[in-house]
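Colleague: Heads up: the sequence shown at position 66 corresponds to 731 in the working numbering, and the numbers run straight through without jumps.
No residue lacks a Cβ here, since even glycine has one placed at the ideal position from N, Cα and C.
Note that the structure is predicted; figures quoted are calculated from it, not measured.
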Amino acid sequence: MPFQLPDLLGPYLLPLLIAVPLAIVVILISIRKEDEEVRQFQESQLPAPFSGPAAASRFQPSAMPVDGPVPVLVVDDSAVVRAKLGKLLEGAGYLVLLARDGVEALEVLARHPVQVMITDLEMPNKNGFELIADVQGALETEDLPIIAITGHEELQGRVHQIQGLYGIFKKPWSDRDLLKRIETLTQLRQRGPRIAA
666 MPFQLPDLLG PYLLPLLIAV PLAIVVILIS IRKEDEEVRQ FQESQLPAPF SGPAAASRFQ
726 PSAMPVDGPV PVLVVDDSAV VRAKLGKLLE GAGYLVLLAR DGVEALEVLA RHPVQVMITD
786 LEMPNKNGFE LIADVQGALE TEDLPIIAIT GHEELQGRVH QIQGLYGIFK KPWSDRDLLK
846 RIETLTQLRQ RGPRIAA
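#1: Suppose only complete runs of 4+ residues qualify. What are the alpha helix (DSSP H) ranges in the segment 785-836, listed by chain order?
#2: By the three-class DSSP mapping on this structure, what secondary structure does A764 have?
#3: Answer with buried or exposed for K836, where buried requires no fewer than 16 other C-beta atoms within 10 angstroms of its C-beta.
#4: Considering only DSSP beta bridges, list what V620 is partnered with.
#5: Compare the Cα-Cα distances from A744 to each of P736, A775 and D785 and report the closest residue.
#6: Is DSSP giving V735 helix, strand or coil here?
#7: Any contact between the segment 745-753 and the segment 767-781? By contact I mean 3 or more CB pairs, one from each, below 8 angstroms.
#8: Rounded to a whole number of angstroms, what is the C-alpha to C-alpha distance between V740 and L763?
#9: For V780 versus T851, is the C-beta spacing smaller than 8 angstroms?
#10: Count the other C-beta atoms from every protein chain shown that fall within 10 angstroms of the C-beta of R846, then say buried if there are 16 or more, exposed otherwise.
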């Protein structure tokens, strides 16, 4: 590899950079770029992100049978939060994808279909509100179940105005409740019924 991954994230991220199954549960927790070589590598490997207006107050979960661990994308600019969620989700049997902000999250989504996304709201480059609008406005991801996490009380009022969210968790969140929500969403998405937001 042309760069070194942090010891804590290496076991989670390296296999995902090499090969990821088509069916993915993604929980986005954006990550600050800690190494310019990581950015250069990703820019050389990842296509341009999508963009578009916010949409969809309902979603039609795609029937996506998953063999093996269900991949999850986590987006957060805090390395501590990424590591904590990565450990929690991997321990629960998920395959974890990580992103540091909304820009990275869109790059990951452009390469990998996902089943669920978890995103922080307050991030650099592209915040969670902008990310959610882009994801809901893109044809490929308009039906993607999204879970928001935030540590900022003042943002929670804005979050309740967003249509199409399937969970809002305040930091620190309940691991049990978060895992239960993810499990429910992935099961519904694999079955494929229409769910009202």
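Modeller: Looking at the coordinates:
#1: 793-802 and 818-824
#2: strand
#3: exposed
#4: An answer regarding residue 620 cannot be provided, because it is not within the stretch 666 to 862 covered by the chain.
#5: D785
#6: coil
#7: no
#8: 6 angstroms
#9: The amino acid occupying residue 780 in the given sequence is Gln; Val does not appear at that position. Going by C-beta atoms, Q780 is nearer than 8 angstroms to T851.
#10: buried
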